[in-house]
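Residue numbering for the sequence shown follows the working numbering, starting at 18 and increasing by one per position.
We treat Cβ as the ideally placed atom computed from N, Cα and C, and that holds for glycine.
Read through the structure below, which is laid out as structure tokens, and then see the notes.
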Amino acid sequence: MTASLRRFGLEDLKPVSTPMDPATRLTSEQSPKSTLEISHMANIPYQEAVGTLMYTVLETRPDIAYAIQVLSKYSKNPGEFHWEAVKRVFCYLRGTRELWLTYGRAGENLVGFTDADGNMSEDRRTTSGYAFIINRGTVFWSAKRQEVVTLSTTESEYVGATHTAKEAIWLRSLISQVFKSTLPSTTIFSDNKSAITLTEDHQYHARTKHIDIRYHFICWIIEEDKIQLVYCPTKDMIADTFTKALPSPKVKHFACELGLAMV
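In structure tokens, the structure reads:
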């Protein structure tokens with residue numbers, strides 16, 4: 018971390034408690050427009066810094082996944098506001114550099130968490146995220162914009178849950194092959210009761226018949242008893258950290274739940 022800060026000239030940054038400020042919204046309107054602004058940003062190593070942070074996300078720090086998903090959208094034309102947001106992530110990592118992704122603590126076998134934030138971004142595409150945890154350590158995670166524009170929160174959560182179910186199938190297959198064992202049904206937690214109902218009996222079919230048939234894949238997987246979608250209150254939804262900027266208490270709580278601990 019010290020080497021990265023020195024590389025980007027950020028040695029004097031002070032630690033902060035969240036990777037993104039919940040009160041700040043980044044948009045394309047903040048990208049440079051004048052020749053002077055463009056010239057100034059040309060000397061800022063924005064893409065290199067985001068690339069470094071992305072490597073960190075993929076390896077050991079799922080708690081900054083949402084921030085990097087947002088910041089990477091502006092890599093082609095970043096502005097000063099975007100650069101300040103990148104520096105804030107480095108500030109957060111500096112203040113939490115003693116956190117390590119840990120494994121081996123007592124807990125459940127494979128469990129998943131899925132969440133979606135609603136379509137609040139400029140292009141109206143929902144950000145959905147998921148995490149898979151084994152023995153209280155996160156082994157697989159993602160924060161990504163959905164490829165379709167959804168028309169309701171239920172639909173956003175349903176699409177997100179389907180993507181999570183697909184990853185669950187892959188993980189179950191990998192674990193079965195490596196350990197030569199058959200896994201019981203994998204529990205995936207969601208904080209949207211309407212989406213859960215839709216996967217079980219299509220009660221909301223009249224409102225969601227326009228959804229692409231591929232997203233109904235989750236219904237078949239549940240019928241096959243390979244996964245079960247279970248309700249989880251939002252306050253305990255670990256995947257919430259992959260869909261929006263959160264205040265410090267929640268950031269700390271979910272980082273701990275993801276398996277990040279001081280060692």
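Within its chain, find whatever has a CB closer than 7 Å to the CB of residue i; leave out the 5 residues flanking it on each side and keep chain order.
| i | result |
| --- | --- |
| I55 | P49 |
| I244 | A182, A185, S202, T203, I205, I238 |
| T199 | S193 |
| E174 | A133, S207, N209, A212 |
| L116 | A272, L277, A278, M279 |
Have a look at the options and flag the residue whose alpha-carbon is nearest the alpha-carbon of residue i.
| i | options | result |
| --- | --- | --- |
| D208 | N60, G177, K183, C236 | G177 |
| W158 | Q86, K267, F98, P32 | Q86 |
| D38 | D29, P250, A262 | A262 |
| K31 | E240, L191, L70, K104 | K104 |
| E101 | I151, G26, D80, T131 | G26 |
| H99 | S45, N126, R111, T77 | S45 |
Could you tell me if residue i is buried or exposed, where buried requires 16 or more neighbouring beta carbons within 10 angstroms of its beta carbon?
| i | result |
| --- | --- |
| S265 | exposed |
| P166 | In the sequence on display, residue 166 carries Val and not Pro. Exposed is the call here. |
| S34 | exposed |
| E217 | exposed |
| G129 | buried |
| D257 | buried |
| L53 | exposed |
| A160 | buried |
| P79 | buried |
| G121 | exposed |
Reducing DSSP to helix, strand and coil, say where residue i ends up.
| i | result |
| --- | --- |
| S284 | Here the chain covers residues 18 to 280 and nothing more, so residue 284 does not appear. |
| G154 | strand |
| S173 | helix |
| V268 | helix |
| R105 | helix |
| S159 | strand |
| V280 | coil |
| Y120 | coil |
| A212 | helix |
| S128 | The sequence shown places Val at residue 128, not Ser. Strand. |
| S202 | coil |
| L246 | strand |
Under 6 Å Cβ to Cβ from residue i, same chain only, skipping five residues before and after it: list those, please.
| i | result |
| --- | --- |
| N94 | S48 |
| R162 | R142, T144 |
| A278 | T119 |
| M71 | I85 |
| Y109 | V33, P36 |
| I259 | At residue 259 the sequence reads Phe, which differs from the Ile that was named. Result list for F259: A82, Y83, G146, A160, in chain order. |
Length at least 4, wholly inside the stretch 60-87: the alpha helix (DSSP H) runs in chain order: 63-76
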